[in-house]
Amino acid sequence: MSTPFLSVRNLHVDIETNRGLLKAIRGISLDVNEGQSIGIVGESGSGKSITLKAILGLLPKNARITSGDIFIEGQSLFELSEKARRQLLAEKIGIVFQDAIAALNPVLTVGTQIAEIPHRRMGWSKEKSRDRAVELMTLVGIPEAEKRLKVYPHQLSGGLRQRVAIAIALSGNPRLIFCDEPTTALDVTIQAQVLRLLLDLRYKENTGIVFVTHDLAVVNEICQEVNVMYAGRFVERGNVQDTFQDPTHPYAYSLLKSAPDMDHQVERLFSISGEAPDLTKAFVGCPFAPRCFAVSDLCRSTEPDLLPIRTSLSACHHSQNYLDKLSEAKA
Amino acid sequence: MKNKNYSFYLGIAIISTLAFIAIFAPWLTHYDPIGQNLMSTLAAPSRHHWLGTDNLGRDVLTRIIYGARIDLSIGILAVLFPFILGTTLGLISGWRGGWFDVILMRIVDTTIAFPFYVLAIALVFVVGAGPKSIILAISLVGWVAYCRIIRAAVLVAKELDYVHAAKLSGLPTSRILRRHVLPNVISQAIVFSMSDIVLSILAIVSLGYLGLGVPIPTAEWGSMIQEGQAYILQQWWIPTIPGVMVVIVGFGLSLIGDGLVKRLNK
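Going down the list, the sequences are from chains A and B.
To get this note's numbering, take the position in the first sequence, counting from 1, and add 1117.
To get this note's numbering, take the position in the second sequence, counting from 1, and add 57.
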């Protein structure tokens, strides 16, 4: 197989907090191929956003990558100088943030902001950059793009703003887009439109997508592969169909069960009892053990590794057992 | 909700009227602000001298008008320099952080710890009285406020998503600072500068009153108050009117400042 476009190897990130050292990311690996769409799901504080920030070099001052490596097209980011690293990331990766209000500069017109990268970084002429801005705005489905060039962000609706943010992310012709919960702040109809847009882009431009969210339905919609994150590690990875059908990790199973399902009416939604472990404190065994329905003594003493099972990877000692039981139950 | 922001326009009206008077002073009065007429000293207000004359027979209205020139222009310059200096340093300090920030903030703390007038008077003594030294003195003390305001705003702004995005998209730092950070942090400094002009005019007038300001006989409100105070019981208007002018300027600028806050928070 060829080199993956983006490759993260055994990444660890520590955050200095006033409660002590927080081990936010505890050894994750991830490969994204050209044009592939990958979802990272997990609850708040599981380390999803920190993962993206670590790759992009946007970690806050109190956070630090302690070990691991990140490659873009086989080139290690840590072997590059700060400047070269920024240059490489700028050329290859675009980012769409959760909050489209904060993602746009309030004092510049949207046209200026979309044309900024072609004009300033890629050295295109003013006219060519402007035409490119119109083209991008049309691509992301902003009607009357020509007219809207001179509009300020606050004059646009939330959905249009997020489209502008996507247009800006695309303006540098990235091969991969990082989406940090871009649909969370939008209402459901707009959310669907933005998702469709991202899907279209993947087909048309073969742009890869890394989609971070806590919304399982969204992952189901646009991702090929899903990574479930818990307490700073991936606990399950698999293609979306299989994982959503038969999750191999108890956490993934519980997570799916706690999402509302239109087809089956239930009295009360399932909820996972307990809470995620405090990562500033040392713990032994599987971090999910205190909340797990299939917990055993082994789980309390040894943390499982992410190992292949069926078509997926799962970090659970009992995946096989648990799957067998599940299929028995079905049969 | 009706929100006409009347105070803002009233402030603009007051200040532009004063600015108009200051700029067109030679056309508004035919008297010489320093021309003495010892034949008619301490005259009461009349058709020829609307605000009377002082102890050397100089027309008080004319001196008020020419005084506006001096006081307003020095006041504005004495805010412009610290504004530029403080904003630039605050921008770099907030953006870069590290040792630069630490050292600069200690300098700021030290400057703030000094009483303003003590420092200003000491500086004027060293450099010598006159407009240049007043501007220098006020600038050397005044920049710290802008530096702090801008630095604090930059600390917030640099964590905003669009600044992250700009950083990530490989734009040069100078452009990020100029186009994405500065325009979004400068408004607070502009609002502050309005009240700062009031303070700097007060400082000029106070220094003038203490004899450390613009050297006499140049018409200047502070020295007019000082020279006129001997006559406050008989010709009360001589020292009072310049004081009233200071109040009016302060009032107008404060209205503009408040109005700007309202506008920017909309």
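We treat Cβ as the ideally placed atom computed from N, Cα and C, and that holds for glycine.
A quick note: this is a predicted structure, and the numbers were derived from the prediction, not measured.
Relative to chain B, which residues along the stretch 1228–1239 of chain A have a C-beta separation below 9 angstroms, given in chain order?
T1229, Q1230, E1233, I1234, R1237 and R1238
Which full runs of the alpha helix (DSSP H) of 4+ residues lie inside the stretch 1205–1278 of chain A, going along the chain?
1227–1233, 1243–1256 and 1262–1265
Is A:E1445 buried or exposed, if buried means 16 or more other CB atoms sit within 10 Å of its CB?
exposed
Give the single residue among A:I1218, A:A1141, A:E1160 and A:R1350 whose Cα lies nearest to the Cα of A:N1179.
A:A1141
Classify A:T1300 as helix, strand or coil using the three-state DSSP reduction.
coil
Taking buried to mean at least 16 other C-beta atoms within 10 Å of its own C-beta, is A:D1422 buried or exposed?
exposed
Between B:D111 and chain A, is there a C-beta pair that is closer than 7 angstroms?
no
Buried versus exposed call for B:V165 [16 or more other C-beta atoms within 10 Å across all chains shown]
buried
With DSSP collapsed to three states, give me the class of B:Q292.
coil
Give a yes or no on whether 7 angstroms exceeds the smallest Cβ distance from B:G227 to chain A.
yes
Selection from B:G265, B:R208 and B:K319 that minimises the alpha carbon distance to B:P296:
B:G265
Please state the DSSP three-state secondary structure of B:F308.
helix
Classify A:G1156 as buried or exposed, calling it buried when 16 or more other Cβ atoms lie within 10 Å of its own Cβ.
buried
Contact with chain B by A:I1212, beta-carbon distance below 7 angstroms
yes
When you check each C-beta in the stretch 1276–1290 of chain A against every C-beta of chain B, which residues fall closer than 9 angstroms?
A1282, I1285, A1286, S1288 and G1289
Can you tell which of A:S1193, A:A1219, A:K1321 and A:Y1370 has its C-alpha closest to the C-alpha of A:S1124?
A:S1193
What residues from chain B crowd round A:A1411, counting only those whose CB sits closer than 9 angstroms?
None at all; the shortest Cβ gap to chain B is about 40 angstroms.
Taking just the CA atoms, how far does B:S250 sit from B:M58?
With a pLDDT of 41 at B:M58, under the threshold of 50, the modelled position of this residue cannot be trusted; read the value that follows with caution. Their backbone Cα atoms lie some 29 angstroms apart in a straight line.
Checking contacts by CB at 7 angstroms: is B:D158 closer than that to chain A?
no
Between the beta-carbon of A:C1403 and the beta-carbon of A:P1367, is there less than 7 angstroms?
no
Given A:S1429, which residues of its chain have a CB within under 7 angstroms of its CB, disregarding the five upstream and five downstream residues?
E1353, R1354, G1355, D1359, T1360 and T1365
Could you work out which residues of chain B lie near A:P1223, taking near to mean beta carbons separated by less than 7 angstroms?
N241
Could you check if A:I1189 is buried or exposed, using at least 16 other CB atoms within 10 Å of its CB as the buried criterion?
buried
Partners in chain B for A:Q1204, counting only beta-carbon separations shorter than 8 angstroms
G227
Where B:A210 meets chain A, residues with beta-carbon distance less than 7 angstroms:
Here the premise fails: no neighbours, minimum Cβ distance about 13 angstroms.
Counting only beta-carbon separations shorter than 7 angstroms, does B:M58 have a partner in chain A?
Low confidence applies here, because B:M58 scores a pLDDT of 41, under 50, leaving its location unreliable; read the following figure in that light. Cβ-Cβ to chain A under 7 angstroms: no for B:M58.
Please classify A:G1164: is it buried, with 16 or more other beta-carbons within 10 angstroms of its beta-carbon, or exposed?
buried
Partner residues on chain A for B:R126, Cβ-Cβ distance less than 9 angstroms:
Within 9 angstroms Cβ-Cβ: nothing; B:R126 doesn't reach chain A, min ~35 angstroms.
Okay, do the stretch 238–245 of chain B and the stretch 213–220 of chain B touch, 3+ Cβ pairs below 8 angstroms being the bar?
yes
Measuring only the C-alpha atoms, how far is A:V1257 from A:R1265?
13 angstroms
From A:D1363 to A:A1376, what distance separates their C-alpha atoms?
15 angstroms
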